[in-house]
Amino acid sequence: MWEYTDRVKEHFLHPKNVGEIENPDAVGEVGNIVCGDALKLFLKIDKKTNRIIDAKFQTFGCASAIASSSALTELIKGMTVEEAAKITNHDIAEYLGGLPEQKMHCSVMGREALEAAIANYLGQIKPVEEAGRLVCKCFEVTDEKIRRVAIENHLTTVEEITNYTKAGGGCGSCKEDIEAILKEIWSIKALPEKPVVPRELTNLQRIALIQDIIEREIRPRLQADGGDIELIDIEGNRVVIALRALCVGCPMGDVTIKGIQDKLRELVSEDIVVETG
Amino acid sequence: MKTIYLDNNATTNIAPEVLDEMLPYLSEFYGNPSSMHIFGGRLHRKVEEARAKVANLIGALPEEIIFTSCGTESDNTAIMSAVESFPHKRHIITTRVEHPAVLNFCKHLSRKGYRVTFLSVDSLGRLNMDEFMNAITDDTAVVSIMYANNETGVIFPINEISAVSGERGVLFHTDAVQTAGKIPIDVRKLPVDMLSLSGHKLHAPKGVGALYVRKGTRFYPYIIGGHQERSRRAGTENVASIVGLGKACELAGENLYEEVTYLKNLRDRLEDGLLKTCPDARVNGDREHRLPNTTNMSFEYVEGEAILLRLDEYGICASSGSACTSGSLEPSHVLRAMGVPFTAIHGSIRFSLSRYNTEEEINRVLELLPGIIKELRQLSPFGRQKTG
Chain H
255 MWEYTDRVKE HFLHPKNVGE IENPDAVGEV GNIVCGDALK LFLKIDKKTN RIIDAKFQTF
315 GCASAIASSS ALTELIKGMT VEEAAKITNH DIAEYLGGLP EQKMHCSVMG REALEAAIAN
375 YLGQIKPVEE AGRLVCKCFE VTDEKIRRVA IENHLTTVEE ITNYTKAGGG CGSCKEDIEA
435 ILKEIWSIKA LPEKPVVPRE LTNLQRIALI QDIIEREIRP RLQADGGDIE LIDIEGNRVV
495 IALRALCVGC PMGDVTIKGI QDKLRELVSE DIVVETG
Chain L
1353 MKTIYLDNNA TTNIAPEVLD EMLPYLSEFY GNPSSMHIFG GRLHRKVEEA RAKVANLIGA
1413 LPEEIIFTSC GTESDNTAIM SAVESFPHKR HIITTRVEHP AVLNFCKHLS RKGYRVTFLS
1473 VDSLGRLNMD EFMNAITDDT AVVSIMYANN ETGVIFPINE ISAVSGERGV LFHTDAVQTA
1533 GKIPIDVRKL PVDMLSLSGH KLHAPKGVGA LYVRKGTRFY PYIIGGHQER SRRAGTENVA
1593 SIVGLGKACE LAGENLYEEV TYLKNLRDRL EDGLLKTCPD ARVNGDREHR LPNTTNMSFE
1653 YVEGEAILLR LDEYGICASS GSACTSGSLE PSHVLRAMGV PFTAIHGSIR FSLSRYNTEE
1713 EINRVLELLP GIIKELRQLS PFGRQKTG
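For the record, the sequence lines run as chains H and L.
Under this note's numbering, think of the first position of the first sequence as 255, with each following residue one higher.
Under this note's numbering, think of the first position of the second sequence as 1353, with each following residue one higher.
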């Protein structure tokens, strides 16, 4: 059970500024349903004064995500865009009388949505992902984001980074990497240069790509022969599928699986192994 | 505000009869059952009475029951005992949907050099027997498969799996923590070698569990020290809790068949009602083979913690498999293993009932939850067209 403040509970149970703005002057969208939280922020801005005259939101997420969104809109209404740009995740958390440490990433999401909306207003095209090297593949967090959030919030431990950015909260394999970034920032000791890892697909991109290939390329072909396929799970390089319909018990089953594996190796990555579940 | 407690797979209330039995052993009868004086020694008899009651619930002999501190200890002990008893065997079979007490212990052993097969489940949470048959080898030291899943209530074909293990000469352990006291178990007919159960899941207190070890099964203790529990589990007996566990098992056994029907009716009323009134709702798990008290439902496009906290405002207690409630930032490993889509996994809610729940309580949930779901969907940027 999380220890939420009364302000958090209030903004969760009775959130302010819920909904969409028709013809908004700016929209900022962050997060996604796979990660478990997402926030879409709409702003109405007076072009002459550059003042935010209305702000609304839609949030998919837990109580603190909803409360943070509500707090964010309350904070920025009436501010100029320049003033709003200075809002930090700390301001959002403070407005709510604090958030549990493990939920600080909700306030960071609020700040990110605001940034995205301001960038949208100013006509800047926000890069699909923040610049930098991908560190946490489970939650798509780059070294740049880790650095920035660490410096802004004076974070010194991996646990804190996980609380604020989710990085390291999935499989945990990037914890050493995060530790190295923290050491570098706070200069506990100079680190040897790390070789730059070539850009790879994130877990989410990889899953989406595999699903897409199965749906578009593989499934129609099997269905043409009266067969079918079901994607059961993707775990690292293991793709677990089940053959359905006429493929069940088909003597060519192994050949079919091999064919699927070859296709995925060609289009996604060399190390994919297809298994039946 | 009255609490409506629908989270009985997490823990249960201590039955009043259980508490009454326990209290004297927390006050006047504080002796040590191992003592030579009558003051302590007579507690030994109470412990043995409790042992007989626990044995009776599952059709075991009293000497086949070892008292432990919890379900986790029972699980760890069973698996460790099997691998210690067959040191040349280096393989373990379990499933991807086990409770962490088994899952993480097996992962721990895999880091120590054991080969572990984690059997997969299908979209209804069912095991694939062929996969199991292919996995079992002469090198397998133990098969540890839960009797019923704590999150979905799905019951595994333990009879069949344990029979195969037995034929292959492989020890079979089942984590029956969620099953004992909910459906009949009879180890005279069920060829399991070891079976774990836990007190606080069946209206006894927390901090006490038991491990059934079939007579003649090789056994190696996990907690090492004194001669308690016939040198199978060291440590001074938790007398009051053991007495409580005995009483709880007696109570569970008395009305088991009536309770199965009662709980199933209540659960189905809740489940069917919510499916009818909430659009984009689904049941996770095999509805045919399921504990009578459990339902795991997903309400798409809303997040589980938000649902739970709204319910909490009305005193209604349930749980969720969403990432936000797990403390690990990742959603339920059980629902992921079943391939439940992410839109549904984050909005999963488990209701688990007990004999203390009433129809009025279920009606209250049916009256409140559809509105909560609708409201939260209106907040959400996803699936807004689906607010029904």
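Here a beta-carbon is modelled for each residue, glycine too, at the ideal position from N, C-alpha and C.
### Euclidean distance between Cα positions of Leu1603/L and His1552/L
Locating residue 1603/L in the second sequence gives position 251, where the first residue counts as 1. Locating residue 1552/L in the second sequence gives position 200, where the first residue counts as 1. Spanning the two alpha carbons is a distance of roughly 14 Å.
### beta strand (DSSP E) segment containing Arg1702/L, residue limits
Residue 1702/L sits at position 350 when you count from the first residue of the second sequence. Per DSSP, Arg1702/L belongs to the beta strand (DSSP E) from 1700-1704.
### Task
Would you verify that the beta carbon of Ile495/H is, or is not, closer than 8 Å to some beta carbon of chain L?
Counting from 1 along the first sequence, the entry for residue 495/H is found at position 241. No, Ile495/H does not count as interfacial toward chain L.
### Query
Is the CB of Val502/H under 8 Å away from at least one CB in chain L?
Here residue 502/H refers to the residue found at position 248 when the first sequence is read from its first residue. By this cut-off, Val502/H is not an interface position.
### Query
How about Cys360/H and Ser322/H: are their beta carbons less than 8 Å apart?
Here residue 360/H is taken as the residue at index 106 of the first sequence, counted from 1. Here residue 322/H is taken as the residue at index 68 of the first sequence, counted from 1. The answer is yes: Cβ separation under 8 Å.
### Query
Opposite Gln312/H in the DSSP bridges: which residues?
As a position in the first sequence, residue 312/H is number 58, starting the count at 1. Paired residues: Lys294/H.
### Query
Got a sec? Which residues, its chain only, sit under 8 Å from Leu1461/L by beta carbon, not counting five neighbours each side?
For this step, residue 1461/L is matched to residue 109 along the second sequence. Correct list, in chain order: Ile1431, Val1435, Ile1444, Val1468.
### Task
Could you tell me the boundaries of the beta strand (DSSP E) in which His1443/L lies?
Position 91 of the second sequence, counted from the first residue, corresponds to residue 1443/L. That run of the beta strand (DSSP E) goes 1443-1447.
### Task
Give me the Cβ distance between Thr1420/L and Arg1585/L, rounded to the nearest whole Å; I'm assuming they're in contact under 8 Å.
The sequence position of residue 1420/L within the second sequence is 68, counting from 1. The sequence position of residue 1585/L within the second sequence is 233, counting from 1. Contact holds; Cβ gap of about 6 Å.
### Query
Counting pairs of beta carbons, one from the stretch 1509-1525 of chain L and one from the stretch 1490-1498 of chain L, are three or more of them closer than 8 Å?
yes
### Task
Could you check which residue in Gly1393/L, Pro1536/L, Lys1558/L, Leu1563/L has the C-alpha nearest to that of Phe1524/L?
Here the question's residue 1524/L lines up with position 172 in the second sequence. Cα-wise, what sits closest to Phe1524/L is Leu1563/L.
### Query
Quick one, are the C-beta atoms of Phe1651/L and Cys1669/L less than 8 Å apart?
In the second sequence, counting from the first residue as 1, residue 1651/L sits at position 299. In the second sequence, counting from the first residue as 1, residue 1669/L sits at position 317. Against a cut-off of 8 Å, the Cβ pair of Cys1669/L and Phe1651/L comes out as no contact.
### Message
Rounding to the nearest angstrom, what Cα-Cα distance links Val451/H and Thr419/H in this structure?
### Response
For the purposes of this step, residue 451/H is taken as the residue at position 197 of the first sequence. For the purposes of this step, residue 419/H is taken as the residue at position 165 of the first sequence. Interpretation of Val451/H is limited by its pLDDT of 44, a score under 50 that renders its predicted location unreliable; no figure is taken from the coordinates.
#### Entry: Start-to-end residues for the alpha helix (DSSP H) that takes in Thr1629/L
Along the second sequence, one-based indexing puts residue 1629/L at 277. Residues 1608-1629.
### Message
So that I know if they touch, is there some Cβ in chain L lying closer than 8 Å to that of Ala317/H?
### Response
Along the first sequence, read from residue 1 onward, the residue named residue 317/H stands at position 63. Taking Cβ atoms only, chain L reaches closer than 8 Å to Ala317/H, which makes this a yes.
### Query
Between the stretch 309-341 of chain H and chain L, which residues of the former have CB atoms less than 9 Å from a CB of the latter, in chain order?
Phe311, Gln312, Thr313, Phe314, Gly315, Cys316, Ala317, Ser318, Ala319, Ile320, Ser323
### Query
At what residues does the alpha helix (DSSP H) containing Ser1340/L begin and finish?
Residue 1340/L is absent from the structure shown; chain L starts at 1353 and stops at 1740.
### Task
Under the assumption that Val528/H contacts Leu463/H (Cβ atoms under 8 Å), give the Cβ distance between them as a whole number of angstroms.
Position 274 of the first sequence, counted from the first residue, corresponds to residue 528/H. Position 209 of the first sequence, counted from the first residue, corresponds to residue 463/H. Not really, about 14 Å apart at Cβ, beyond 8 Å.
### Query
Looking only at its own chain, which residues have a Cβ that is under 6 Å from the Cβ of Val382/H, when we skip the five neighbours before and after it?
Residue mapping note: residue 382/H aligns to position 128 of the first sequence, counting from 1. Reliability of the predicted coordinates at Val382/H is poor, the pLDDT of 49 falling under 50, and no value is obtained from them.
### Query
Can at least three beta-carbon pairs, one atom from the stretch 302-311 of chain H and one from the stretch 257-275 of chain H, be found at a separation below 8 Å?
yes
#### Entry: Neighbourhood of Asp1538/L by C-beta, 8 Å cutoff - its chain only, sequence neighbours within 5 removed
Residue numbering aside, residue 1538/L sits at position 186 when the second sequence is read from its first letter. If we look at Asp1538/L and ignore the five residues flanking it on each side, its Cβ neighbours are Ile1410, Gly1411.
### Query
With distances taken between CB atoms, is the gap from Ile405/H to Val389/H smaller than 8 Å?
If you number the first sequence from 1, residue 405/H lands on position 151. If you number the first sequence from 1, residue 389/H lands on position 135. No; because the gap between Cβ atoms is not below 8 Å, this pair is not in contact.
### Task
Thinking Gly531/H and Ile472/H are a contact (beta carbons under 8 Å), I'd like their distance in whole angstroms, please.
The residue given as residue 531/H occupies position 277 in the first sequence. The residue given as residue 472/H occupies position 218 in the first sequence. Wrong, their Cβ atoms sit about 16 Å apart, outside the cutoff.
### Query
Less than 8 Å separating the beta-carbons of Ser1593/L and Val1565/L?
As a working mapping, residue 1593/L is identified with position 241 in the second sequence. As a working mapping, residue 1565/L is identified with position 213 in the second sequence. No, they are not a contact pair.
### Query
Which residues share a DSSP beta bridge with Leu1646/L?
Taking the first residue of the second sequence as 1, we reach residue 1646/L at position 294. Note that residue 1646/L corresponds to Thr in the displayed sequence, not to Leu. BP columns for Thr1646/L point to Ser1704/L.
### Message
Taking CB distances under 8 Å as the criterion, tell me whether Thr1695/L reaches chain H.
### Response
The residue you call residue 1695/L lines up with position 343 of the second sequence. It does; some Cβ of chain H falls within 8 Å.
### Message
Against chain H, with Cβ distances strictly below 8 Å, would Gly1321/L count as a contact?
### Response
The structure shown does not extend to residue 1321/L, since chain L is modelled only from 1353 to 1740, so the question has no answer here.
### Task
Residues of the stretch 1462-1487 of chain L with a CB closer than 9 Å to any CB of chain H: list them in chain order, please.
Ser1472, Val1473, Asp1474, Ser1475, Asn1480, Glu1483
### Task
Just grab the DSSP bridge partners of Asp1482/L for me.
By 1-based counting over the second sequence, the position of residue 1482/L is 130. Asp1482/L pairs with nothing; no bridge assigned.
### Task
For chain H, find out if any of its Cβ atoms is closer than 8 Å to the Cβ of Phe1457/L; answer yes or no.
Start at 1 with the first residue of the second sequence, and residue 1457/L comes out as number 105. Answer no: the Cβ-Cβ gap between Phe1457/L and chain H never drops below 8 Å.
### Message
Quick check on DSSP: helix, strand or coil for Val1717/L?
### Response
As a first step, residue 1717/L is located in the second sequence; it is residue number 365 there, counting from the start. Here Val1717/L sits in helix by DSSP.
### Query
Of all Cβ atoms in chain H, is any one closer than 8 Å to the Cβ of Ala1658/L?
For the purposes of this step, residue 1658/L is taken as residue 306 along the second sequence, with counting starting at 1. True, the Cβ-Cβ gap to chain H drops below 8 Å.
#### Entry: Separation of Ser1472/L from Met1649/L, as counted between CA atoms
Stepping through the second sequence from its first residue, residue 1649/L is reached at position 297. Stepping through the second sequence from its first residue, residue 1472/L is reached at position 120. Near 21 Å, if we compare the C-alpha coordinates of Ser1472/L and Met1649/L.
### Task
For Arg1509/L, decide whether its Cβ has a neighbour in chain H, counting only Cβ atoms nearer than 8 Å.
For the purposes of this step, residue 1509/L is identified with residue 157 of the second sequence, where counting begins at 1. For the sequence presented, residue 1509/L should be read as Pro rather than Arg. No, its Cβ sits nowhere closer than 8 Å to a Cβ of chain H.
### Query
Counting Cβ pairs closer than 8 Å, one from the stretch 1374-1386 of chain L and one from the stretch 1567-1577 of chain L, do we hit at least three?
no
### Query
How about Val288/H: is its C-beta nearer than 8 Å to some C-beta of chain L?
What you label residue 288/H is simply residue 34 of the first sequence in a count that begins at 1. It does; some Cβ of chain L falls within 8 Å.
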